[in-house]
Each structure stands twice: as C-alpha cells, then as structure tokens.
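Participant: One structure, as structure tokens, below. Some questions next.
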Amino acid sequence: MLEKYLDIQPEVAEALANNQPVVALESTIISHGMPYPRNVETALLVEQAIREQGAIPATIAIIEGRLKVGLDEAQIRHLGQAGQAVAKVSRRDIPFIVAARKDGATTVAATMILAAMAGIKVFATGGIGGVHRGAQETFDISADLQELANTDVAVVCAGAKSILDLGLTREYLETQGVPVVGYQTDSLPAFYTRESEHSIDYRLETPEAIAEALKAKWAMDLKGGVVVANPIPEEYAMAPQVITDAIETALKEAEKQGIAGKASTPFLLARVCELTGGNSLDSNIQLVLNNARLGARIAAAYCR
Ligand code: PSU
Ligand code: MN
Numbered sequence: 678m679l680e681k682y683l684d685i686q687p688e689v690a691e692a693l694a695n696n697q698p699v700v701a702l703e704s705t706i707i708s709h710g711m712p713y714p715r716n717v718e719t720a721l722l723v724e725q726a727i728r729e730q731g732a733i734p735a736t737i738a739i740i741e742g743r744l745k746v747g748l749d750e751a752q753i754r755h756l757g758q759a760g761q762a763v764a765k766v767s768r769r770d771i772p773f774i775v776a777a778r779k780d781g782a783t784t785v786a787a788t789m790i791l792a793a794m795a796g797i798k799v800f801a802t803g804g805i806g807g808v809h810r811g812a813q814e815t816f817d818i819s820a821d822l823q824e825l826a827n828t829d830v831a832v833v834c835a836g837a838k839s840i841l842d843l844g845l846t847r848e849y850l851e852t853q854g855v856p857v858v859g860y861q862t863d864s865l866p867a868f869y870t871r872e873s874e875h876s877i878d879y880r881l882e883t884p885e886a887i888a889e890a891l892k893a894k895w896a897m898d899l900k901g902g903v904v905v906a907n908p909i910p911e912e913y914a915m916a917p918q919v920i921t922d923a924i925e926t927a928l929k930e931a932e933k934q935g936i937a938g939k940a941s942t943p944f945l946l947a948r949v950c951e952l953t954g955g956n957s958l959d960s961n962i963q964l965v966l967n968n969a970r971l972g973a974r975i976a977a978a979y980c981r
C-alpha cells in the first residue's frame, strides 16, 4: 500500500534492512529555515557529518508528489534554491501535495511521519516548532507537538527558539506525555543559547543511555516521540541579549504585518537571521551539525 506513494533511497533501504543506523533529516529547514545558498551547503554538510559517524543520512521531502526518504544532491539543491516557493508541508498538507504531484518541504511533523513509514527511529534537526508566544490569543501551536505525541521517532534538536513560549511548550509536551531528555544538561536549551530558565525531564549522559530509553518506550508500545535536547556547543552560542532583541523586533513586525498561520515561523526565522547578520546563521548551522552527530550516535546505539 505504502509503496504506491513512498520511495526509500536504495542506500537507506539497505541500511534499514541490515539494522544499520539511519538518521532522518527534514527539508523545511532547507527551504524555509535558512537563506540560499547556505541552506544547501548546510544540508550537504549535515549529511556528511552523519556519514562520518558511521550512519546513513535520509533527508526527507515530497518530490513531484512522491514521498522521498533519502534525497540526492540535485533534489536538495532544488529545494534550497526554490526556498519559500516550495510548499511547507506538515501533517495536514501531505495528501494534497501528493495528489497534486507537487514538491513539498517537510516540517518536523511531516518528517517524523515519513521517517516512521520507512522505519527510521532517529531524526536530527535544528529546532522544533512549539507553542508560540501569545498562543493564549492566537491558538498558534505547531503541529510538531501533536506529532511528537503520536509518532514513534526521537527528535534531536537544540531546544526551541524563543520566538516560542518555551514554558508553554514544555507544558504542552508534558500533557501529551512527550519526554524531554537533556543531553548532558539539566536546562532546556534555547537554540542559540545553551540554557533557559526551563528544565528538562531526564538528563542523560550518553547516546547509549538515550537509545536504551527509546527501546524501552517503544518495546512497551508507549507510543509517541521523544525530544532529545542537545545544547549548542559553547563556542558557537550567542549573547542572550543580542538574540532576545532580534526576536522581540521580529515578533513586533510580524504582529504589525498580520503574519499568521504557517507563514509565521518562516517569517520570524528569516527576520531573526537578517537582524543578527551572519552570526545567528553560523550558530544555527553549527548546532544542526552538532545534532546530526549526536543523532548518528544515538541511531548507532539503538541498532546494537
Ligand atoms: N525552528 C527552527 N528552524 C526551522 C523550523 C523551526 O529553528 O526550520 C521549521 C521546522 O521545519 C518546524 C517548522 O517543523 O519550522 C515549524 O513550523 P510551524 O511553527 O508552522 O509548525
Ligand atoms: Mn503555527
């Protein structure tokens, strides 16, 4: 049934069949999360970082209506060049993009869905979507959180950007039974900074310990994902005030311009990037690489 829609790259399929580690990667971060051409460079570097750790990368997207688990370089380049002209695809969008034979860049939620279809357990990215600031009024809560509640994939990220309300995001995850693991940290990382005022649920020190907990969770059919929060390496972390100011400005602009719905996160990401110059982009790239390496190590431990 699934074969009717799903193409798993041969290298990825072979790795999965042989119980070799595979790490899923999203494509909205390429098209909507970073500017061209660094988005393409980053996507390729991230794949390479995963290979250097002995795992196989599977970048996920929809290409001409086919669900793709594993992209080639030309496909990655295409998504990066097209940028926001490509549809941003979350759970609700998948069947419509498929039926219309269009291209789509998958969010964390949609990437989890396609990874689970292929049997991939570990996914690395930059930051997850969450409860937006002001959600008490706007109801803007990313579908990523509901996907984490339901789909059996671990998401390695650097926490969430403070364009979101981190406290409400934590509460939402708690209600949905989604554990937040801190990798070698007690504090919920805030993407550009290693720490926030929020805590995590379980601090674990090694990829092996994380893999053990994942195995236990899914062996017991405790469905849903896990957030593995991996702080940005110290040398790439940003000064909190610089990033806070940029985020405040971007949020004010978004409100003034009436930006809402799925346009909200890409608008804020682009403005924060512009307002902080290249610095935040460099940090962003480094933390994604760091997450890819940890994801590969967790995937390897999970296969043992
Ligand atoms: N946060 C980032 N970078 C990103 C995203 C979030 O720091 O690229 C992207 C991810 O694809 C995430 C999506 O799944 O934004 C969330 O969008 P929304 O808030 O519309 O659900
Ligand atoms: Mn939203």
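First residue of the sequence shown? That's 678 in this note's numbering, and the numbers climb one at a time after it. All C-beta atoms, glycine included, are put in the ideal place defined by N, C-alpha and C. From a predicted model like this one, the values you see are computed outputs, not experimental measurements.
Based on Cα-Cα distance, which residue from I753, I887 and L702 lies nearest to R981?
Facilitator: Along the sequence shown, read from residue 1 onward, the residue named residue 981 stands at position 304. Among I753, I887 and L702, the Cα nearest to that of R981 belongs to I887.
Participant: Where does T705 land, buried or exposed, given buried means 16+ other C-beta within 10 angstroms?
Facilitator: Counted from its first residue, the sequence shown places residue 705 at position 28. Under this definition T705 is a buried residue.
Participant: Less than 6 Å separating the Cβ of S839 from some heavy atom of the ligand MN?
Facilitator: Within the sequence shown, residue 839 is the residue found at index 162, counting from 1. No, Cβ of S839 sits at least 6 Å from all heavy atoms of the ligand MN.
Participant: Of the choices F800, S839 and V799, whose alpha-carbon is the least far from that of R871?
Facilitator: Residue numbering aside, residue 871 sits at position 194 when the sequence shown is read from its first letter. Of F800, S839 and V799, the residue nearest in Cα terms is S839.
Participant: Let me know the secondary structure DSSP gives T736 once reduced to three states.
Facilitator: Position 59 of the sequence shown, counted from the start, is the residue given in the question as residue 736. Looking at T736 - three-state DSSP - the assignment turns out to be strand.
Participant: For R948, count the other beta carbons within 10 Å of its own beta carbon; 16 or more makes it buried, fewer makes it exposed. Which is it?
Facilitator: Counting from one through the sequence shown, the residue named residue 948 turns up at place 271. Taking all protein chains shown into account, R948 has 16 or more neighbouring C-beta atoms within 10 Å of its C-beta and is therefore buried.
Participant: Nearer than 6 Å: is that true of the beta carbon of D842 relative to any heavy atom of the ligand PSU?
Facilitator: Here residue 842 refers to the residue found at position 165 of the sequence shown. Checking the Cβ of D842 against the ligand PSU gives no.
Participant: Say whether the stretch 877-895 touches the stretch 750-770, bearing in mind that this needs 3 or more beta-carbon pairs closer than 8 Å, one atom from each stretch.
Facilitator: no
Participant: Hey, would you say the C-beta of S957 is under 6 Å away from at least one heavy atom of the ligand PSU?
Facilitator: Here the question's residue 957 lines up with position 280 in the sequence shown. No; taking the cut-off as 6 Å, the Cβ of S957 has no heavy atom of the ligand PSU nearer than that.
Participant: Look at K926 and L952 and say whether their C-beta atoms are less than 7 Å apart.
Facilitator: For the purposes of this step, residue 926 is identified with residue 249 of the sequence shown, where counting begins at 1. For the purposes of this step, residue 952 is identified with residue 275 of the sequence shown, where counting begins at 1. Going by the sequence as given, residue 926 is Thr instead of Lys. In contact: T926 and L952 (Cβ atoms closer than 7 Å).
Participant: Given the structure, does V857 come close to the ligand PSU, in the sense that its CB is under 6 Å from one of the ligand's heavy atoms?
Facilitator: Locating residue 857 in the sequence shown gives position 180, counting from the first residue. It does not: the Cβ of V857 is nowhere closer than 6 Å to a heavy atom of the ligand PSU.
Participant: Taking 6 Å as the cut-off, does the CB of D780 come closer than this to any heavy atom belonging to the ligand PSU?
Facilitator: As a working note, residue 780 is residue 103 in the sequence shown. No - the ligand PSU has no heavy atom lying nearer than 6 Å to the Cβ of D780.
Participant: Count the other C-beta atoms from every protein chain shown that fall within 10 angstroms of the C-beta of N907, then say buried if there are 16 or more, exposed otherwise.
Facilitator: By one-based count along the sequence shown, residue 907 stands at place 230. By the 10 Å Cβ count, N907 comes out buried.
Participant: Does DSSP classify R948 as helix, strand or coil?
Facilitator: Within the sequence shown, residue 948 is the residue found at index 271, counting from 1. Looking at R948 - three-state DSSP - the assignment turns out to be helix.
Participant: Leaving out five residues on either side along the sequence, give the residues of the same chain with a beta carbon under 6 Å from the beta carbon of E824.
Facilitator: Position 147 of the sequence shown, counting from 1, holds the residue named residue 824. Excluding positions up to five away in sequence, the list reads A786 and M789.
Participant: Buried or exposed for P772, please, with buried defined as at least 16 other CB atoms from any protein chain shown within 10 angstroms of its CB.
Facilitator: In the sequence shown, residue 772 corresponds to position 95, counting from 1. Exposed: under 16 other Cβ atoms inside 10 Å.
Participant: Are the CB atoms of I805 and A782 nearer to each other than 7 Å?
Facilitator: By one-based count along the sequence shown, residue 805 stands at place 128. By one-based count along the sequence shown, residue 782 stands at place 105. For I805 and A782, no; Cβs fall outside 7 Å.
Participant: Taking 6 Å as the cut-off, is the C-beta of S819 nearer than that to any heavy atom in the ligand MN?
Facilitator: Looking up residue 819 in the sequence shown gives position 142. Yes, the Cβ of S819 comes within 6 Å of a heavy atom of the ligand MN.
Participant: When you compare each of G938, N956 and A973 to R769 by their alpha carbons, which one comes out closest?
Facilitator: As a first step, residue 769 must be located in the sequence shown, where it is residue number 92. Comparing Cα-Cα distances from R769 to each of G938, N956 and A973, the minimum goes to G938.
Participant: Note down the Cα distance separating R754 from M915, rounded to an integer number of angstroms.
Facilitator: The sequence position of residue 754 within the sequence shown is 77, counting from 1. The sequence position of residue 915 within the sequence shown is 238, counting from 1. So the two alpha carbons sit approximately 29 Å from each other.
Participant: By the 10 Å Cβ neighbour count, where 16 or more other Cβ atoms means buried, how is N968 classified, buried or exposed?
Facilitator: Counted from its first residue, the sequence shown places residue 968 at position 291. N968 comes out buried.
Participant: Look at V903 and P856 and say whether their C-beta atoms are less than 7 Å apart.
Facilitator: For the purposes of this step, residue 903 is taken as residue 226 along the sequence shown, with counting starting at 1. For the purposes of this step, residue 856 is taken as residue 179 along the sequence shown, with counting starting at 1. Result yes, Cβ atoms of V903 and P856 sit closer than 7 Å.
Participant: Beta-carbon separation of V832 and V700 under 7 Å?
Facilitator: Residue 832 sits at position 155 when you count from the first residue of the sequence shown. Residue 700 sits at position 23 when you count from the first residue of the sequence shown. Contact flag unset, no.
Participant: In this structure, how does DSSP classify K838 when only helix, strand and coil are distinguished?
Facilitator: Stepping through the sequence shown from its first residue, residue 838 is reached at position 161. K838: coil per DSSP, three-state reduction.
Participant: Would you give the residue range spanned by the beta strand (DSSP E) that I685 belongs to?
Facilitator: Taking the sequence shown and counting its residues from 1, one reaches residue 685 at position 8. It spans L683 to I685 - the beta strand (DSSP E) in which I685 sits, taken as one unbroken run.
Participant: Does the distance from the CB of A759 to the CB of L964 come in under 7 Å?
Facilitator: Here the question's residue 759 lines up with position 82 in the sequence shown. Here the question's residue 964 lines up with position 287 in the sequence shown. Result no, Cβ atoms of A759 and L964 do not sit closer than 7 Å.
Participant: Measuring from the CB of V620, is there a heavy atom of the ligand PSU at a distance below 6 Å?
Facilitator: Nothing about residue 620 can be reported from this structure: the residues present for the chain run from 678 to 981 only.
Participant: What residues are listed by DSSP as bridge partners for I818?
Facilitator: In the sequence shown, counting from the first residue as 1, residue 818 sits at position 141. Note: I818 sits in a beta bridge opposite V808.
Participant: Any heavy atom of the ligand PSU within a distance shorter than 6 Å of the CB on E703?
Facilitator: On the sequence shown, position 26 is the one that residue 703 refers to. Yes.
Participant: State yes or no: is the C-beta of L683 within less than 7 Å of the C-beta of L744?
Facilitator: Start at 1 with the first residue of the sequence shown, and residue 683 comes out as number 6. Start at 1 with the first residue of the sequence shown, and residue 744 comes out as number 67. It is a contact, given that the beta carbons lie within the stated cut-off.
Participant: Would you grab the beta carbon distance between Q865 and L843 for me? Rounded to a whole angstrom, and I think it's under 8 Å.
Facilitator: Locating residue 865 in the sequence shown gives position 188, where the first residue counts as 1. Locating residue 843 in the sequence shown gives position 166, where the first residue counts as 1. In the sequence on display, residue 865 carries Leu and not Gln. With 8 Å as the limit, L865 and L843 qualify as a contact, their Cβ atoms being about 6 Å apart.
Participant: Judging by CA-CA distance, which residue of D898, R847, Q934 and N956 is the nearest neighbour of L917?
Facilitator: Position 240 of the sequence shown, counted from the start, is the residue given in the question as residue 917. Here the sequence assigns Pro to residue 917, which means Leu is not the residue at that position. Looking at the Cα atoms, N956 is the closest of the given residues.
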